[in-house]
Every structure is written in structure tokens, then in C-alpha cells.
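Taking it in order: structure first as C-alpha cells, then the write-up.
There are 2 protein chains.
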Amino acid sequence: MTRLDDVAREAGVSASTVSRALTRPGMVSEATRSRVLATAERLGYRHHPAARALATGRAGLLAFAVASLANPFHAPIIAGAQEAAEEAGSELIVVVTDGSAAREEALFERLADRVDGFAAVGPAAPAARLAEAARRLPLVTLNRRVRGVSSVVIDTPGGMAGLGAHLAALGHARVAYLGGPEGSWLDRRRLRELRRAMPDAEIAASGPYPPEFDAGTRAFDAVAASGCTAVVAYSSTVLLGLLHRMTMKGLRAPGDLSLACADDLSAAGLAMPDVTALRVPGAEAGRLAVERLLDLARSSRPGTPAHQTLGVTLLPRASTAAPGRGAGTGRRRGDRERARPVE
Amino acid sequence: MTRLDDVAREAGVSASTVSRALTRPGMVSEATRSRVLATAERLGYRHHPAARALATGRAGLLAFAVASLANPFHAPIIAGAQEAAEEAGSELIVVVTDGSAAREEALFERLADRVDGFAAVGPAAPAARLAEAARRLPLVTLNRRVRGVSSVVIDTPGGMAGLGAHLAALGHARVAYLGGPEGSWLDRRRLRELRRAMPDAEIAASGPYPPEFDAGTRAFDAVAASGCTAVVAYSSTVLLGLLHRMTMKGLRAPGDLSLACADDLSAAGLAMPDVTALRVPGAEAGRLAVERLLDLARSSRPGTPAHQTLGVTLLPRASTAAPGRGAGTGRRRGDRERARPVE
DNA sequence: TCCTATCGTGCAAGCGCTTGCAGCTCACCT
DNA sequence: AGGTGAGCTGCAAGCGCTTGCACGATAGGA
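The listed protein sequences derive, respectively, from chains E and F. Position 13, counted from 1, in the first sequence is what the UniProt record's numbering calls 13; the numbers after and before it change by one each time, with no gaps. Position 229, counted from 1, in the second sequence is what the UniProt record's numbering calls 229; the numbers after and before it change by one each time, with no gaps.
Dropping the structure here:
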């Protein structure tokens, strides 16, 4: 492996100059800089991360915690985070918490003095612990806001306003909400906002449902018994399961039941049936989280935590329509696009 | 942060002794060792990874490449890998290749002198490049075997023997195979083995299908047109989509079509309908890959590459039965469990 | 023309840990 | 009793990079 010295010797300068040419462009003359860069390039020089980490105190690593990798919702978030990290010359260590606060804290503990920052999607730990952790290490929470901790939140609760209005306008008065993991900061807010958006409707919340297909099939019975005319699910995977069970029973969307969900995975390359959903900027959220983390790491001074909120947009599709009254009667009122049964 | 010196001073020994007490238990006397350990514990000493990496030349990091995080098939594999890495005191850097050989090589290049080893699930790069990479850095391929590179393979092709026999015994003579990504080492072999296991049946292969729900819905038409009585999909996500579309059309499994897939995700905590599948030991594969990687890293000598194959077992479930002749006729021959239509 | 900023570069001291080597202390053997 | 080896421990030299400081050169002002 070529080292700094090799480049220095070859370019006829000292190692310090090479180091500066590579990282502090303004500190060396243009002439030497270009010569050094060319030499480095020619010799295929790559800095030794450990040596740099030892000298600077920065590891060039970031930790990124998610509850599960089996949930495709996280895929674009991680992809965005990874891209941002790569651009900044850092690597991402993705860790899985299984949604357990204990495991989350254990992982933080384990990684705290090995990485330059820690990001967590929907962390389960109590707010006080998170705030404490943030004092020790750059910390960013995604989809959860905690006093004293920088955060990036995809505003699906805010999206409930539009979605609720949409359903209300269609005439739905009884809506089922299929909720996410217990104690989810975001999920509580989604439900609250949905209720606020549909003050005249009855919202029957059930859950918690894990973000799995089968949870949706199980949810069907509760939904069917509730007499609701529309369903809002926090996860499209759950909704897919529900849709499947419905279809099994000979019911269709939107004829028999209107369907909507709070995350649109088609943006993640995961096409799914034509379901009304919220467009969630997952990749952007991941990217912003990493950028914030790097900001925090750069200015070792804690500073005031920044909270960012990413808006979502409603994607009205074929799975929602005015409440119907029986199987297979999806077609009504001439709106062909909207009334086409969902597959 | 407490350093080695702090512990040394506190314990009344030199830093070298502390270092040895911590990593080379046999080299210090029992008395000093326990004293040092207790002191380290009391002061909350944790070694500085960068310093250790610089001194030893080992980074304590492993790279793990997968094509996509949106594919839940990878979740247990990564989980197993992570667990093994954690036990060994290493961290895992999970990277996403999007199935592109170019990105794969770029990532390898980028990480090669930053990690102690590189594992790749179903790598897309040509065999020669992989062999070359293996000469440079400990490398393990999963679900692909390459001459000169250690590998761990989940033997789904082998599982096709049992699955084929199962279908043949039920009387299926026309079977559709829904194949995976183009150029997949494993997928080619699965198809070959399925054909070998059902020499008297006609196997209609189609694809490539990405591992997504919607790919399954698209696949339905091809399957329906083919006149097959059974479907074998490489991915359960694809099969889920197919099942959904079938149901939409009023068809049921196994009455109208028997269904089976090559990966069983219920082991990954992802319950899905009662589909005949192969139990795939994903977590074990991930774990073994990491252990092999660490072996290779320890014995800097390349040694002979080791190839491990993990067997799969057939999980016959309700989605396969003797070929039927019409919708809703799933119930036959008194086998209630087997004949229950799949939901 | 001499003095003083300014700019560019090199020197050398680390960053915290590991490890070859040397030295010391005993126990054991002859 | 002296010699010898084994068993522990400490010394010090790095691992490859960054960076404060000093120094020399150059340009500008007086």
C-alpha cells in the first residue's frame, strides 16, 4: 500500500504538504497542490482510515439504527443515508434494534466511541435517555422528535389532514385505522391528526400490528366487524395483507371498502396495487439525517438541536371512492380511472 | 475517555501489561490479570478502535454486500451476520449493490482497505474478478460458488429435488417456474434441478422477475396462458403477488393452481399464507459467512477456499395438491389440512 | 533599500495501542 | 551453590496520519 511518505517523496515535498494538499486545499500553493494530487492519483494513494481516525479523532463511521430490515419502509431511508455518507467519505454501520429499547441502548453503548454519530429511526428509548445520549455523541432521531435532540420527521401525521379530507369528501363516516407498533411516537400523532381531519367521522383504531402481510390478513376480521367503509393503514405491507384477505372473501376495493395507507413504497421500487397513499420522501429523510449528523460532528459544539419536517403529498389512487354497498359494485359515477377495482 | 495508561497507572503496571492482560490472557500472571481486569472494569475502559486498528492492521470491520434491502430475504441473513460479527467484536458495514456488478466492484474498491473482509450475497461480478478480489482481501460469496473463493450456499437447487418430487407425486405435469434476476448463479441451478426432479413434466420458465409483489401480479397472465397446474417461484414476494392476482380472478390455491416457492420467509418473522416452501437457513448462512471471513482474516495466509452448503427442507403446506379442474374445488380426497384453500 | 506582513513549507510531536526484545526473578536441576 | 531456563513484565519503537509551530522566501510599504 502506498503511504503518504511515498507520495511525498515522489512529488518532492514533505508528508505534511501532501496531507494538506489532500485535505486543506487552501493551505498549499496551487502549483504544489496539483502536482501532489497528480502524484497521489498516479500512485493510487488512499488514506489509511485508522491512521487518520487516530490522528483526527474522527472515525469516518456513522451508525444507523432501524427496528428491522424486513420492513421495506426502511430501505429507501437507508439508501439515502448511505448515499449521503458515501459522498462525505464516511461509512454507515446499519444496526437492527428489533424495536427494543434495551437493544437500542446496548447498541448505542457499543458503538458510541467507535462512530462519529448515531441516527435512529423511530427509537424506542425514553426521551430522557435520548437527550442524554445526544450530549455524549451527535445524535439524530428520525420520525420521532425529542426535546434536545436533532430530528428529521416525515410528516405523515400532517398528511393525515389531506387523507382525512379526501375520505371525508368521498362521504366516509366510519373509518378503521390500523396502527403500528405500540408506543410509536409517530403513530399516535397520525391517529390524532386523522381524527382531527375527520371530526364528524368515527375512527376505529386497532392494533398494534407489526408491519407484515399477515398482520393485514388478521386485521380484516376486526375491520369487517367494525362496519367501516374505509381503512387507513400505517403500513402498506399490512394493507396488502388486508387487501388479499378481502379479495379472498370476494370483496373489492373501493367498491366494498376504500383503502389507503400512510407510506407509499412504490417510490422504493416496490410496486404495489393501485392504493391511495402518502408519498413519503424516505431517501431524502435518510440523507438529511446523515447530513445533520455530519454537521453536528463537525462543530463539536453541541449547538441548538435542529428539527426538520419533511412534507408528504397525497397520492389519490383507485383504492378510494365513495362508500359502496356490496361486492363488485366498484363502478359508479363514470369516473373510470378512480372506480377501477384495485388489483 | 480512559486510556490504557490510566488503567496501567491505577493498577500499578505498565501499559503493555494491561494490553496483554486484555488480549493475551496467557501472557500475564493470573494475579496481575485479574487486578488489571478489575481496574479496567472499574474505570470503564474501552479500547480505542482506531488506535488498535492502526497498531494491529485490523480494522474490526467487515463489509456485507446485498443487492437490495427492500428484499426481506436478506433480513435474516444480515441479522445472522451481524450477530456473528458482534460476538467477534467486529462491526458490519452493510452496503447495497442494486444488483449491479459495477457498483459492486466500486464498493469493493472503496472498502477494500478499510475492512478486514468482504462478503457478498449473490454477487454479480464475473468469477474472474471475484477470484482476483479474493486474493487481495478475505472474501466470501453467499449463494454463489466461484473457483478460488470461499462460499456459503443455501442449497435451494438441492431443495428442488424434493419439491419437484412432491409436485410430481401429486400428479403435476406442467409446472411454471418464475425465475429471478438475470444471470443469477443460483436461479439457473434451481431451474435445472427442478427439471431434473420432474423429468416427465414440462417446465415453463419465465422471468426475470424482480423480487416484488407486483412482479407476481404481472406473472399471472403468463402462468394462466401456459396451462400449468402448478407454479414454483424463486421468491415468496413474487408468489404473494401471483396469489393475489389469482384470487382477484376468482381462482384458488391449490384447487386451481398449486403454489410453491423457494424461500420461506416465515422463519424471518414474516408470516405469509400457507404456502409450500423451502425452509432456508438465512441467519445461519449469514453467520457462517462472517465466521469464515474472520477465519480468513486471522490466518493471513490465503489457504484453500472452503465451500459450505446449507441444506434446505421442504415444508409442504396447503398451497399444493393434486391438479384440480375448476375454481373452488380445492377440497378433495379427505385430506382436510392439505386441501384447505390458501388464504 | 530595509523592515515587516504574508504565504508556503517542513519539522517533529503526538493520536492510543500493540509487540519484539531485553531484563528481571525465581524455581529447579546438576 | 552456581547455572539455566521459564515465566512475567517493562521499554521503546512503531502503525500512518494530522497539525502547531517555526522558518524561509517573497512581496509590499516606508
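The C-beta atom is built at its ideal place from N, Cα and C for all residues, glycine as well.
Cα-Cα separation, residue i to residue j
{"i": "P157 (chain F)", "j": "E104 (chain E)", "result": "38 Å"}
{"i": "S150 (chain F)", "j": "P199 (chain F)", "result": "33 Å"}
{"i": "E212 (chain E)", "j": "A21 (chain E)", "result": "52 Å"}
{"i": "A327 (chain E)", "j": "L178 (chain E)", "result": "Its pLDDT being 36, under 50, A327 (chain E) is placed unreliably by the model, and nothing is read from it."}
{"i": "A219 (chain E)", "j": "V231 (chain E)", "result": "10 Å"}
{"i": "G122 (chain F)", "j": "A321 (chain F)", "result": "32 Å"}
{"i": "I203 (chain E)", "j": "R174 (chain E)", "result": "6 Å"}
{"i": "C261 (chain E)", "j": "V275 (chain E)", "result": "7 Å"}
{"i": "L130 (chain E)", "j": "N71 (chain F)", "result": "30 Å"}
{"i": "W185 (chain E)", "j": "M1 (chain F)", "result": "34 Å"}
{"i": "R110 (chain E)", "j": "R245 (chain E)", "result": "43 Å"}
{"i": "L270 (chain E)", "j": "D264 (chain E)", "result": "9 Å"}
{"i": "T23 (chain E)", "j": "E41 (chain F)", "result": "38 Å"}
{"i": "S299 (chain E)", "j": "A65 (chain F)", "result": "32 Å"}
{"i": "R144 (chain E)", "j": "H307 (chain E)", "result": "10 Å"}
{"i": "V140 (chain F)", "j": "T217 (chain E)", "result": "39 Å"}
{"i": "L142 (chain F)", "j": "L314 (chain E)", "result": "40 Å"}
{"i": "R46 (chain F)", "j": "A283 (chain E)", "result": "34 Å"}
{"i": "A88 (chain F)", "j": "G164 (chain F)", "result": "40 Å"}
{"i": "A8 (chain E)", "j": "H48 (chain E)", "result": "15 Å"}
{"i": "V146 (chain E)", "j": "R52 (chain E)", "result": "33 Å"}
{"i": "G117 (chain E)", "j": "A297 (chain E)", "result": "7 Å"}
{"i": "K249 (chain E)", "j": "D221 (chain F)", "result": "22 Å"}
{"i": "R336 (chain F)", "j": "D256 (chain F)", "result": "With a pLDDT of 38 at R336 (chain F), under the threshold of 50, the predicted position of this residue should be treated as unreliable, and no value is reported."}
{"i": "W292 (chain E)", "j": "S16 (chain E)", "result": "The sequence shown places Arg at residue 292 (chain E), rather than the Trp named in the question. About 30 Å."}
{"i": "A133 (chain F)", "j": "A268 (chain F)", "result": "31 Å"}
{"i": "L243 (chain E)", "j": "L288 (chain E)", "result": "34 Å"}
{"i": "S19 (chain F)", "j": "R136 (chain E)", "result": "26 Å"}
{"i": "M27 (chain E)", "j": "L294 (chain E)", "result": "23 Å"}
{"i": "S29 (chain F)", "j": "R3 (chain F)", "result": "22 Å"}
Chain-order list of residues whose beta-carbon lies under 7 Å from that of residue i (same chain, five-residue window excluded)
{"i": "A215 (chain E)", "result": "Y209, V238 and G241"}
{"i": "S266 (chain F)", "result": "M272"}
{"i": "P25 (chain E)", "result": "R33"}
{"i": "H172 (chain E)", "result": "A201, T229, A230, S258 and P323"}
{"i": "R189 (chain E)", "result": "P157"}
{"i": "S100 (chain F)", "result": "A124"}
{"i": "G334 (chain F)", "result": "Here the model assigns G334 (chain F) a pLDDT of 37, short of 50, so the residue's position is not dependable and the matter cannot be decided."}
Contact belief for residue i with residue j at Cβ below 8 Å, rounded distance in angstroms
{"i": "A11 (chain F)", "j": "T56 (chain F)", "result": "Contact doesn't hold; Cβ gap of about 22 Å is too wide."}
{"i": "L259 (chain E)", "j": "V312 (chain E)", "result": "The pair is not a contact, with the Cβ atoms about 17 Å apart (cut-off 8 Å)."}
{"i": "L54 (chain F)", "j": "A112 (chain E)", "result": "That belief does not hold up - the Cβ atoms of L54 (chain F) and A112 (chain E) are roughly 20 Å apart, past 8 Å."}
{"i": "P305 (chain E)", "j": "G148 (chain E)", "result": "6 Å"}
{"i": "V115 (chain E)", "j": "L107 (chain E)", "result": "No, V115 (chain E) and L107 (chain E) are not in contact; Cβ-Cβ is about 11 Å, not under 8 Å."}
{"i": "M97 (chain E)", "j": "A124 (chain E)", "result": "The question names Met, but residue 97 (chain E) is Thr in the sequence shown. Right, the Cβ-Cβ distance comes to about 7 Å (below 8 Å), so this counts as a contact."}
{"i": "L69 (chain E)", "j": "L69 (chain F)", "result": "6 Å"}
Classification of residue i by the beta-carbon crowding that lies within 10 angstroms, buried from 16 upward
{"i": "D5 (chain F)", "result": "exposed"}
{"i": "G44 (chain E)", "result": "exposed"}
{"i": "E91 (chain F)", "result": "buried"}
{"i": "M160 (chain E)", "result": "buried"}
{"i": "M181 (chain F)", "result": "In the sequence as presented, Met is not what sits at residue 181 (chain F); that position holds Pro. Buried, by the Cβ-count rule."}
{"i": "S14 (chain F)", "result": "exposed"}
{"i": "P126 (chain E)", "result": "exposed"}
{"i": "E193 (chain E)", "result": "buried"}
{"i": "S235 (chain E)", "result": "buried"}
{"i": "A128 (chain F)", "result": "exposed"}
Cβ-based neighbour list, residue i, same chain, cut-off 6 Å, excluding 5 preceding and 5 following
{"i": "L37 (chain F)", "result": "none"}
{"i": "V290 (chain E)", "result": "A81, A84 and A85"}
{"i": "A176 (chain F)", "result": "A204, V223, S226, C228 and V231"}
{"i": "V342 (chain F)", "result": "A253, P273, D274, A318 and S319"}
{"i": "R35 (chain E)", "result": "A11"}
Residue nearest to residue i in terms of C-alpha spacing, selected from the options
{"i": "V280 (chain E)", "options": "E:R24, E:A176 and E:A75", "result": "E:A75"}
{"i": "P138 (chain E)", "options": "E:L69, E:P126, E:L62 and E:P181", "result": "E:L62"}
{"i": "A285 (chain E)", "options": "E:S68, E:A124 and E:V153", "result": "E:V153"}
{"i": "L167 (chain E)", "options": "E:A201, E:G180, E:T141 and E:R3", "result": "E:A201"}
{"i": "A224 (chain F)", "options": "F:T247, F:S235 and F:Y234", "result": "F:T247"}
{"i": "S319 (chain E)", "options": "E:L293, E:L251 and E:G303", "result": "E:L251"}
{"i": "I77 (chain E)", "options": "E:R189, E:A120 and E:G89", "result": "E:A120"}
{"i": "residue 344 (chain F)", "options": "F:L170, F:E30, F:G162 and F:M27", "result": "In the structure as shown, chain F starts at 1 and stops at 343, and residue 344 (chain F) therefore has no counterpart that could be examined."}
{"i": "A67 (chain E)", "options": "F:A79, F:L191 and F:S29", "result": "F:A79"}
Other residues of its chain near residue i: CB distance less than 8 Å, five sequence neighbours each side excluded
{"i": "D155 (chain F)", "result": "T309, L310, G311 and V312"}
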